[in-house]
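Residue numbers (the working numbering): 3 to 332. Before any comments, here is the structure.
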Amino acid sequence: MPSTSRRPLLQAALLVAACSALAFPGLSHAQAWPARPIKLVVPFPPGGGTDVAARIIGDRLSARLGQPVIIDNKPGASTAIGVVMVSAAEPDGYTLLFSGSSSYTVNPAVRSKLGYDPFKQLSPIAMVARTSLVLVTSATGPYKTLKDILAKAKAEPGTLTYATFGSGSAPHLAGELLADAAGVKLSAIPYKGSAEADIGVVRADVALGIDTMAAVNPLVQSGKLRALAVVSEKRSTYMPTVPAYGELQLSSALLDGWYAVAAPAGIAPAVRDQLLRALTAVMAESEVRKKLQQQSMEPAMLGPQALRDVMDSEITRYRALVARANIRLD
């Protein structure tokens with residue numbers, strides 16, 4: 003037992019510790035985090051590019067943090083269901099969002115009734131990879147080039163269909179921007195997610211698909227889809243024989259694709275920083291980078307402020323494009 007002379011010192015030390023915990027709650031929270039499994043919400047169905055990337059990164063994040071990282075697929079409403087779920091969660095670091103640029107910039111730029119504000123209700127943690135969208139058609143269909151598609155659209159306005167993941171999704175905006183740049187009219191057909199949309203294109207239920215390279219490249223390589231164009235300024239190293247928008251005079255229709263992790267707004271800075279350190283370490287692993295590149299994704303680590311800057315820049319550009327083209331996706 004402590005001696006009588008030491009008891010006041012012990013009591014004083016306990017008082018200081020208690021006061022520190024009250025004054026710096028984030029510090030004690032960070033020291034305890036993570037103490038239980040982490041939910042990584044993916045607002046897309048299983049099997050698409052976003053889901054695959056989340057599982058590659060989530061698996062190694064779990065090893066780094068010493069807690070299970072559970073992938074929770076919450077598709078619907080052009081990703082809004084999953085994003086709203088995260089934005090309404092406790093900002094304790096146990097519910098995180100893993101999604102593509104559509105959730106962070108495309109949806110907010112084109113939909114007035116979104117149900118969430120990523121700039122107010124989410125705290126960006128890190129961008130982890132970039133990808134390009136690709137225009138594809140059925141390998142058994144009549145269209146050999148994008149020129150063929152656009153010629154059909156000009157000859158029969160509104161009859162040529164393309165697959166989207168729902169109103170306001172990245173493929174939806176990409177299709178509208180393409181139509182505006184090419185001076186044609188296209189009809190959007192909504193699907194529940196990437197996998198279903200791509201199947202619809204393979205079956206030629208729709209004439210055109212617009213999806214991430216990660217999602218369509220395996221189908222292109224297996225001979226089920228034909229790639230018509232990459233939505234980028236220059237050709238991609240992952241599809242070097244496919245023309246890019248830049249060389250097709252379609253630069254005004256460019257739409258960037260990327261994946262990022264975010265938390266509910268209000269997450270403790272210490273927890274955010276610990277999560278960022280873990281993600282940075284994961285993204286430096288050669289095996290993780292290799293697996294992402296095998297999915298036609300380019301690892302690209304950006305921290306919270308750099309990611310916020312990208313979001314600010316993109317939403318400004320997309321809103322201007324939407325206003326100029328008079329696009330309404332609600």
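Backbone N, C-alpha and C define an ideal beta-carbon position, used for all residues, glycine too.
Closest Cα partner of Thr52 within the set Ala65, Lys41 and Ser104: Closest option to Thr52, judged by alpha-carbon separation, among Ala65, Lys41 and Ser104: Ser104.
Environment of Glu76 [buried if 16+ CB atoms lie within 10 Å]: Going by the sequence as given, residue 76 is Lys instead of Glu. The residue in question, Lys76, is buried, as its Cβ has 16 or more Cβ neighbours within 10 Å.
Cβ contact check for the region 152 to 172 and the region 221 to 241: 3 or more pairs under 8 Å: The region 152 to 172, when compared against the region 221 to 241, does not touch it at the 8 Å Cβ threshold.
First and last residue of the uninterrupted beta strand (DSSP E) at Asn75: DSSP places Asn75 inside the beta strand (DSSP E), whose first and last residues are Val71 to Asn75.
Same chain, Cβ closer than 7 Å to Leu323, neighbours up to 5 away in sequence not counted: If we look at Leu323 and ignore the five residues flanking it on each side, its Cβ neighbours are Leu179.
Completely contained beta strand (DSSP E) runs for the region 93 to 128, where each covers 3 or more residues: Annotation note: the region 93 to 128 contains the following uninterrupted beta strand (DSSP E) runs of length 3 or greater, listed N- to C-terminal: 97 to 102.
Assigned secondary structure, Asp207 (DSSP; H/G/I helix, E/B strand, else coil): For Asp207, the secondary structure class from DSSP, reduced to helix, strand or coil, is coil.
DSSP beta-bridge partners of Trp260: For Trp260, the beta-bridge partners assigned by DSSP are Arg132.
Outcome for Ile72 when other beta-carbon atoms lying within 10 angstroms are tallied against a minimum of 16: Its Cβ having fewer than 16 others within 10 Å, Ile72 is exposed.
Residues of its chain near Thr163, where Cβ-Cβ distance is below 6 Å and the 5 sequence neighbours each way are ignored: The residues are Ser189, Ile191, Val208 and Ala209.
Assigned exposure category for Pro70 - 16 Cβ within 10 Å defines buried: Exposed, because fewer than 16 other Cβ atoms sit within 10 Å of the Cβ of Pro70.
The ligand ZN heavy atom lying under 7 Å from the CB of Asp74: Summarising the ligand content, the structure contains no ligands, and the ligand ZN is consequently not present.
Residue(s) in a DSSP beta bridge with Tyr164: According to DSSP, residue pairing for Tyr164 in a beta bridge involves Ala190 and Leu210.
Presumed contact (8 Å Cβ cut-off) between Gly68 and Leu42, rounded CB distance: At roughly 15 Å, the Cβ-Cβ gap does not stay under 8 Å, so Gly68 and Leu42 are not in contact.
Outcome for Asp94 when other beta-carbon atoms lying within 10 angstroms are tallied against a minimum of 16: Its Cβ being crowded by 16 or more others within 10 Å, Asp94 is buried.
Range of the contiguous alpha helix (DSSP H) that encloses Val232: Note, Val232: premise wrong, no alpha helix (DSSP H); beta strand (DSSP E) at Leu227 to Val232.
CA-to-CA distance, Ala34 to Gly28, given in whole angstroms: With a pLDDT of only 43 at Gly28, under the threshold of 50, the placement of this residue in the model should not be trusted; the figure read from the coordinates follows. Near 10 Å, if we compare the C-alpha coordinates of Ala34 and Gly28.
As assigned by DSSP and simplified to three states, the class of Met215: Correct three-state label for Met215: helix.
Short Cβ contact (8 Å threshold) for Ala280 with Leu63: Contact flag set, yes.
Beta-carbon gap between Ser140 and Pro266 smaller than 8 Å: Not in contact: Ser140 and Pro266 (Cβ atoms no closer than 8 Å).
Status (buried if at least 16 other CB within 10 Å, exposed otherwise) for Gln297: Within a 10 Å sphere around the beta-carbon of Gln297 sit 16 or more other beta-carbons, which makes this residue buried.
Pro45 classed as buried or exposed, judged by whether at least 16 other C-beta atoms fall within 10 angstroms: Under this definition Pro45 is a buried residue.
N-terminal and C-terminal residue of the alpha helix (DSSP H) that Pro271 is part of: Note, Pro271: alpha helix (DSSP H), Pro271 to Met285.
For Met87, the first and last residue of its enclosing alpha helix (DSSP H): Unbroken alpha helix (DSSP H) run through Met87: Ala82 to Ser89.
Pair within 8 Å by beta-carbon distance, Ala199 and Ala176: When the beta-carbon positions are compared, Ala199 and Ala176 stay at least 8 Å from each other.
Nearest residue (CA-CA) to Pro120, options Pro36, Asp150 and Val88: In terms of CA proximity to Pro120, Val88 leads the group Pro36, Asp150 and Val88.
For Met215 and Arg132, the rounded distance between their alpha carbons: Each residue's alpha carbon lies about 10 Å from the other.
Integer-rounded CB distance, given that Val186 should sit under 8 Å from Ala155: Right, their Cβ atoms sit about 4 Å apart.
Distance CB(Leu137)-CB(Ala82) smaller than 8 Å: Going by C-beta atoms, Leu137 is not nearer than 8 Å to Ala82.
Those residues which DSSP pairs with Ser140 across a bridge: DSSP output for Ser140 lists Leu227 as bridge partner(s).
Selection from Leu252, Ala327 and Val86 that minimises the alpha carbon distance to Leu148: Distances from the CA of Leu148 to each of Leu252, Ala327 and Val86 were compared; the closest alpha carbon is that of Leu252.
C-alpha distance - Gly211 paired with Asn219, whole-angstrom precision: C-alpha separation (whole angstroms): 12 Å.
Within the region 283 to 327, ranges of the alpha helix (DSSP H) (whole runs, at least 4 residues): Entirely contained in the region 283 to 327, the alpha helix (DSSP H) runs reaching 4 residues are, in chain order, 288 to 296 and 306 to 327.
Check whether Glu235 and Leu250 have beta carbons under 8 Å apart: Cβ distance not < 8 Å, so Glu235 and Leu250 don't count as in contact.
Among Arg38, Asp182, Ile127 and Gly102, nearest to Ala272 - alpha-carbon criterion: Closest option to Ala272, Cα to Cα, is Ile127.
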